[in-house]
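Count the sequence shown with the working numbering and you get residues 258 to 452, in order.
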Amino acid sequence: MPRPLRKCIPDVTYHCYSRCIELRDLLSPRYVKDMAIDVITKALDKYDFELIQVEFVENHFHFIIKTTESGETISRIMQYIKARIAERYNRLTGRTGAFWNERFKCTIIEESDDPENYFFWLLWYIAYNPVRKRVLRDPRESEYGTLKVFLEKDYTPKVTITIHKYFLNLGKNFEERVKRFLAYEDLYRERLLCL
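Shown next as structure tokens:
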């Protein structure tokens, strides 16, 4: 059975994720994360898109990406990022073969029943990924994750992040937005404790 066609729509926000081959912890070493960040930076230079959030866990990653009206499709952006990471990893380690387990998965946030609430839940879900996997105790400890862009006014992440309009709609100033954003963390943590 042929795989379904991916929806490639301009000017929407995608949650993208992909897992390493055999679910191996290939993204665990710092040098691999540094190399992946460099690849993402090159993609941002090459293509017109907005990167909203990044988080790496040992065997997979999560990105939130907003396509633009005149930019490349999500498929092209992700193809570039995943192919360059695989090429560079194999060259660095002297290995051959697949790096990724399957094609990347994605959902369009604007197609959810409540896009804004889903967006904020997703930011916390992604940030808490290393916590759920027992890699970190708090998502704020993530050296490569970009959650702190939404929490600290002068925070500079390892890769350029664009603040999404949903976050900007949370309040008149940064402090007001952070306060409302933290309320979503409380809701997420309550839900996490119930699981």
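Cβ coordinates follow ideal geometry from the N, Cα and C atoms, glycine included.
Closer than 7 Å: ASN386 CB and nearest the ligand HEM heavy atom: Judged by which ligands are present, the structure shown has none, so any question about the ligand HEM falls away.
Cβ neighbour criterion (16 or more within 10 Å) applied to SER275: buried
Collapsed DSSP secondary structure at VAL416 in the structure displayed: coil
Is the beta carbon of ALA293 less than 8 Å from the beta carbon of PHE313? yes
Identified DSSP bridge partners for VAL314: HIS317
At least three beta-carbon pairs within less than 8 Å, the region 377-394 to the region 286-300: no
Take ARG446 as the anchor and find which of SER399, ILE420, ILE418, LEU380 has the nearest alpha-carbon. LEU380
SER275 bridges to which residues according to DSSP? PHE318
Among THR270, GLU400, ALA355, TYR382, whose alpha-carbon lies nearest the alpha-carbon of LEU283? ALA355
Assuming contact is defined by CB atoms lying nearer than 8 Å, are VAL406 and PRO396 in contact in what I supplied? no
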